[in-house]
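Chemist: Chains as they are written, first to last, in my numbering: chain A, 17 to 113; chain B, 13 to 111. We put the CB at the ideal spot given by N, CA and C, even for glycine.
1. Would you give the residue range spanned by the beta strand (DSSP E) that residue 53 of chain B belongs to?
2. In the DSSP assignment, the alpha helix (DSSP H) including residue 26 of chain B goes from what residue to what residue?
3. So which residues of chain B does residue 40 of chain A contact, with C-beta pairs closer than 8 Å?
4. Roughly how many whole angstroms lie between the Cα atoms of residue 84 of chain A and residue 75 of chain A?
5. If we require 3 or more residues per run, which beta strand (DSSP E) segments fall completely within the stretch 51-88 of chain A?
6. Under the three-state reduction of DSSP, which class applies to residue 96 of chain B: helix, strand or coil?
7. Please confirm if the stretch 53-68 of chain A is in contact with the stretch 95-107 of chain A, defined as three or more CB-CB distances below 8 Å between the two stretches.
8. What's the gap between the Cα of residue 69 of chain B and the Cα of residue 91 of chain B?
9. Which residues in the same chain have their Cβ closer than 6 Å to the Cβ of residue 88 of chain B, if we skip the five residues on either side of it in sequence?
10. In terms of alpha-carbon separation, which member of B:16, B:45 and B:63 lies closest to residue 102 of chain A?
11. Closest to residue 108 of chain A by C-alpha separation, out of B:15, B:82 and B:48, would be which residue?
12. Measuring only the C-alpha atoms, how far is residue 47 of chain A from residue 60 of chain A?
13. Count the other C-beta atoms from every protein chain shown that fall within 10 angstroms of the C-beta of residue 102 of chain B, then say buried if there are 16 or more, exposed otherwise.
14. Is the shortest distance between the beta-carbon of residue 18 of chain A and the beta-carbons of chain B less than 8 Å?
15. Anyone know if the C-beta pair for residue 29 of chain B and residue 40 of chain A falls short of 8 Å?
16. My guess is that residue 30 of chain A and residue 38 of chain A are in contact by the Cβ rule of under 8 Å, so how many angstroms apart are they, rounded?
17. Give every residue of the same chain whose Cβ lies closer than 8 Å to the Cβ of residue 49 of chain A, excluding the five residues on either side of it in the sequence, and list them in chain order.
18. Should residue 50 of chain B be labelled buried (16 or more other beta-carbon atoms within 10 Å of its own) or exposed?
19. What residue does the beta strand (DSSP E) around residue 14 of chain B start on, and which one ends it?
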């Protein structure tokens, strides 16, 4: 499912709203989530999961082309931990099919 | 500062888009529910600019009860993983060092 398919599905259920508004709303939601992570905030959606940042320690890497050693600085990466309802539904989905 | 919740996101839709409170709440609910439905139906979810929710099938493997040491097989299962998109990764990386 892509972003535009998600927008269509929501629009079908919110048929009192112009589809344009739903499209805008989905963009605002995604921007809100990204902004929260960019500020090292945490997102907790009950039954869905939580997003946070994890720190990756600095390490030595290599330039794959030249084989030269390079120092890679530490960085933050987004991390998602699925919540119980999502875990259970996905897992039950497998056992049903 | 507390974590961002569905109520905060709904508030944002109300403030920024002028949707009414009920509509805002329903859209947020619907947004996460439709993602769950797709994943439950073994469908990958791709939200460009944000990231992808992928599915992985794990086969049965031997496990142990950490308390008793008893061996119990861990059943085959399907799990969700999140792969952040390039845009999100870059935005988040910029945060490094300014904690």
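Modeler: Looking at the atomic coordinates:
1. Here the question's residue 53 of chain B lines up with position 41 in the second chain. Bounds of any beta strand (DSSP E) do not take in residue 53 of chain B, whose DSSP letter is neither H nor E.
2. Position 14 of the second chain, counting from 1, holds the residue named residue 26 of chain B. Run containing residue 26 of chain B: 18-29, per the alpha helix (DSSP H) assignment.
3. As a working note, residue 40 of chain A is residue 24 in the first chain. Within 8 Å Cβ-Cβ: 29.
4. Locating residue 84 of chain A in the first chain gives position 68, counting from the first residue. Locating residue 75 of chain A in the first chain gives position 59, counting from the first residue. Their backbone Cα atoms lie some 14 Å apart in a straight line.
5. With a minimum length of 3 residues, the continuous beta strand (DSSP E) runs that stay inside the stretch 51-88 of chain A are 59-61, 65-72, 75-78 and 85-88.
6. The residue you call residue 96 of chain B lines up with position 84 of the second chain. For residue 96 of chain B, the three-state secondary structure derived from DSSP is strand.
7. Enough Cβ pairs lie closer than 8 Å, so yes.
8. Taking the first residue of the second chain as 1, we reach residue 69 of chain B at position 57. Taking the first residue of the second chain as 1, we reach residue 91 of chain B at position 79. Those two C-alpha atoms are separated by around 6 Å.
9. As a working note, residue 88 of chain B is residue 76 in the second chain. Excluding residues within five positions, the ones whose Cβ falls inside 6 Å are 71 and 72.
10. Within the first chain, residue 102 of chain A is the residue found at index 86, counting from 1. The alpha carbon of residue 102 of chain A has as its nearest neighbour, out of B:16, B:45 and B:63, the alpha carbon of B:45.
11. For the purposes of this step, residue 108 of chain A is taken as the residue at position 92 of the first chain. Checked all of B:15, B:82 and B:48; the closest Cα to residue 108 of chain A is B:48.
12. On the first chain, position 31 is the one that residue 47 of chain A refers to. On the first chain, position 44 is the one that residue 60 of chain A refers to. Answer to the nearest angstrom: the Cα atoms are 16 Å apart.
13. Here residue 102 of chain B refers to the residue found at position 90 of the second chain. Result: exposed.
14. Start at 1 with the first residue of the first chain, and residue 18 of chain A comes out as number 2. Yes, residue 18 of chain A lies at the interface with chain B (some Cβ there is under 8 Å from its Cβ).
15. For the purposes of this step, residue 29 of chain B is identified with residue 17 of the second chain, where counting begins at 1. For the purposes of this step, residue 40 of chain A is identified with residue 24 of the first chain, where counting begins at 1. In this structure, residue 40 of chain A lies closer than 8 Å to residue 29 of chain B by Cβ.
16. Locating residue 30 of chain A in the first chain gives position 14, where the first residue counts as 1. Locating residue 38 of chain A in the first chain gives position 22, where the first residue counts as 1. Residue 30 of chain A to residue 38 of chain A, Cβ: 6 Å. Contact.
17. Taking the first residue of the first chain as position 1, residue 49 of chain A is located at position 33. Once the five neighbours on either side are set aside, the close Cβ partners of residue 49 of chain A are 59 and 67.
18. As a position in the second chain, residue 50 of chain B is number 38, starting the count at 1. Buried, because 16 or more other Cβ atoms sit within 10 Å of the Cβ of residue 50 of chain B.
19. In the second chain, the residue the question calls residue 14 of chain B occupies position 2. Per DSSP, residue 14 of chain B belongs to no beta strand (DSSP E) and is neither H nor E.
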